[in-house]
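These protein sequence lines are chains A and B, in that order.
Mapping of the first sequence onto our numbering: residues -16 to 255, in sequence order.
Mapping of the second sequence onto our numbering: residues -16 to 255, in sequence order.
Each residue gets a CB set at the ideal place from its N, CA and C atoms; glycine is no exception.
Quantities reported herein were computed from a predicted structural model and do not represent experimental measurements.
There are 2 protein chains.
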Amino acid sequence: MNRLCVHSITTKPWSLEECLRHYPAAGVSALTLWRNHLVGRDATEVGRQVREAGLELTSLCRGGFFPAADQAGRQAAIDDNLRCIEEAAALGAGWVVLVCGALPGQSLDQSRAQIAEGIAAVLPAAQAAGVALAIEPLHPMYADDRSAINTMAQANALCDELGSPRGLGIALDVYHVWWDPDLRRQIQISAQAGRLLAFHICDWLTPTTDLLNDRGLMGEGCIPIAEISRWVDEAGFAGMREVEIFSNRRWAGDQQAWLGQIVDAYRCLYPR
Amino acid sequence: MNRLCVHSITTKPWSLEECLRHYPAAGVSALTLWRNHLVGRDATEVGRQVREAGLELTSLCRGGFFPAADQAGRQAAIDDNLRCIEEAAALGAGWVVLVCGALPGQSLDQSRAQIAEGIAAVLPAAQAAGVALAIEPLHPMYADDRSAINTMAQANALCDELGSPRGLGIALDVYHVWWDPDLRRQIQISAQAGRLLAFHICDWLTPTTDLLNDRGLMGEGCIPIAEISRWVDEAGFAGMREVEIFSNRRWAGDQQAWLGQIVDAYRCLYPR
């Protein structure tokens, strides 16, 4: 249970205070904060609240979205990522998760170049603040407008392209990469390069009725989560297992019951 | 226009007779038949009707779905594929498109092994009948229950694994593979091996509201169709450009107007 982290978006209807009250009571050890829970608040104070509630603060979701049609848009994205890094530092979060972005009106190659430029532009500030940046490869079904980085191989290549600098790594989410026949090898490559920062879990439902908000609870779907967890651990990863589930169906129900089901599913998946 | 083929499912509300009446009148040169249009009909007679209407009969959609939980299920799939091959031969179609299948309850590796076994089991009959088999890599969002073959690289590897036999090839659909950074190279590999059999076109809408039936008309979305077409042609492909669009929205409208828009979009995409 000391590796169980829950993303605040997983219980989206709850306020920050409700998350901080219910997560520790349910046995959750850590929290990844989504920026919507920071709006109008002081990040240093929120960091203190989280720790006083007995939770680790794993990471901040999310920065990224670097591609834009013009220079002003790309600069606005860089500025927003700099603010996000400041917030993460004030919170005491280990890293910022990057959903890298894509633009339907331009080629994936152009978006990929703008992503590399954007990361290079904000990395010095992240390094100075002691906050890492975690590139999250997104499922290819999000290549139109959410991320032009869609596989672990691409995320590894992007880190290499940027010189594999200190403070740049990868967030692996099983939802996005479970289908990839090259997954195990790319996990090993990322871990050997010391860049496997985060491990997100949830499940893929059959049928999936919404491209964004119809994720399943671990065990409800077809992702071999136990096997991928083993690969990740065998590669030397010892960090949090972060439950991140977007689900209109679950958000419509009772959140305390939902959190209980998450904890039960986690215990079933990781019995020791 | 002599390379314009339309899949009968693209105008799903139409009967076969309506397709045969309207497609040639609109300037369409060829038809790929979906099996629903064959139900209760004699395939030899349908093939004759298609040619009398002035259309080439490109291929038959679709075989595949080889994985199953038990041996009886896998044999039933093989039997159905043998019937599909017979139908294609009677029609005079060049190949059967294979949507290879997947089963949420078993690993992708198991499904991939069962796909290879299934293809190997039916290939001799296809070769004897002069009907090719075209493996269609499906988008990774269909890896749960439609296909465990999700990239051109996997399709090429599967052909290699089976000994790259005569009569086994690949159907490339831009919808499934447009996001893949390795696409151009894999097109070249498939063409050099003489196995690039089919080229399907449509577009990816932003947002996509349904995982199955919300495809766009060429030009409505973000797929670089002209660029991928160039790669395909440069690799030596000279076959049909097959319009295959599943769209609840389009199927709900007037099909003759829809066919007109398809022809306009095709002319705009391929002006010469």
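The beta carbons of residue 131(B) and residue 95(B) sit about 5 angstroms from each other, so the pair counts as a contact at 8 angstroms. Between residue 217(B) and residue 181(B), the C-beta spacing is not below 8 angstroms. Exclusion of the five residues before and after residue 80(A) leaves 42, 44, 45, 117, 119 and 154 as the residues of its chain whose Cβ lies within less than 6 angstroms of its Cβ. In the three-state DSSP reduction, residue 71(B) falls in the helix class (H, G or I). Looking at the DSSP output, residue 215(A) sits in no beta bridge, so it has no partner there.
Remark: C-beta atoms of residue 52(B) and residue 88(B) approach each other more closely than 8 angstroms. At a cut-off of 8 angstroms, the C-beta of residue 65(A) has no neighbouring C-beta in chain B. Ranked by how close their Cα comes to the Cα of residue 9(A), the residues 106(A), -12(A), 23(A) and 70(A) have -12(A) in first place. Residue 173(B) counts as buried, since at least 16 other C-beta atoms from the protein chains shown sit within 10 angstroms of its C-beta. The shortest CA-to-CA distance from residue 135(B) to any of 106(B), 110(B), 176(B) and 104(B) is the one to 176(B). As DSSP reads the structure, residue 224(B) sits in a beta bridge with -13(B) and 182(B).
Contiguous alpha helix (DSSP H) elements confined to the region -7 to 29 of chain B occur at -1 to 9, taking only those with 4 or more residues.
In the three-state reduction of the DSSP assignment, residue 132(A) falls in the coil class.
Straight-line measurement puts the Cα of residue 245(B) at about 10 angstroms from the Cα of residue 202(B).
Using a Cβ-Cβ cut-off of 8 angstroms, residue 183(A) does not count as an interface residue toward chain B, since no Cβ of chain B sits closer than that to its own. In the structure shown, residue 113(B) falls within a coil segment according to DSSP collapsed to helix, strand and coil. Under the Cβ criterion (8 angstroms, minimum of three pairs), the region 108 to 116 of chain B counts as touching the region 63 to 78 of chain B. In the three-state reduction of the DSSP assignment, residue 61(B) falls in the helix class, which pools H, G and I.
In this chain, the alpha helix (DSSP H) harbouring residue 173(A) covers 166 to 175. Apart from the 5 residues on each side of it in sequence, residue 21(A) sits with its Cβ closer than 7 angstroms to the Cβ of 29 and 70 in its chain, given in chain order.
Residue 234(B) holds the alpha-carbon nearest to the alpha-carbon of residue -9(B) among 58(B), 234(B) and 127(B). Considering only 82(A), 195(A) and 148(A), the residue with the shortest C-alpha distance to residue 108(A) is 148(A). When 8 angstroms is used as the limit between beta carbons, residue 143(A) is near no residue of chain B, the shortest such separation being about 14 angstroms.
DSSP, read as helix, strand or coil, puts residue 149(B) in coil.
Scanning chain A for C-beta atoms nearer than 7 angstroms to the C-beta of residue 196(B) yields nothing, as the closest lies near 12 angstroms away. Bridge partners of residue 118(B) according to DSSP: 81(B) and 153(B). Residue 199(B) is positioned such that its CB atom lies closer than 8 angstroms to that of residue 187(B). Chain B has a Cβ within less than 8 angstroms of the Cβ of residue 128(A). Within chain A, not a single residue places a beta-carbon under 7 angstroms from that of residue 5(B); the smallest gap is close to 32 angstroms.
For residue 133(B), the nearest CB of chain A lies under 8 angstroms from its own CB, placing it at the interface with that chain. With its beta carbon at least 8 angstroms from every one in chain A, residue 214(B) lies outside the interface. The Cβ of residue -10(A) sits no closer than 8 angstroms to any Cβ of chain B. Just measuring C-alpha positions, the residue of 230(A), -1(A) and 99(A) sitting nearest residue 31(A) is -1(A).
Between residue 91(A) and residue 162(B), the alpha-carbon positions lie close to 8 angstroms from each other. The C-beta separation of residue 26(A) from residue 7(A) comes to about 20 angstroms, leaving the pair out of contact by the 8 angstroms criterion.
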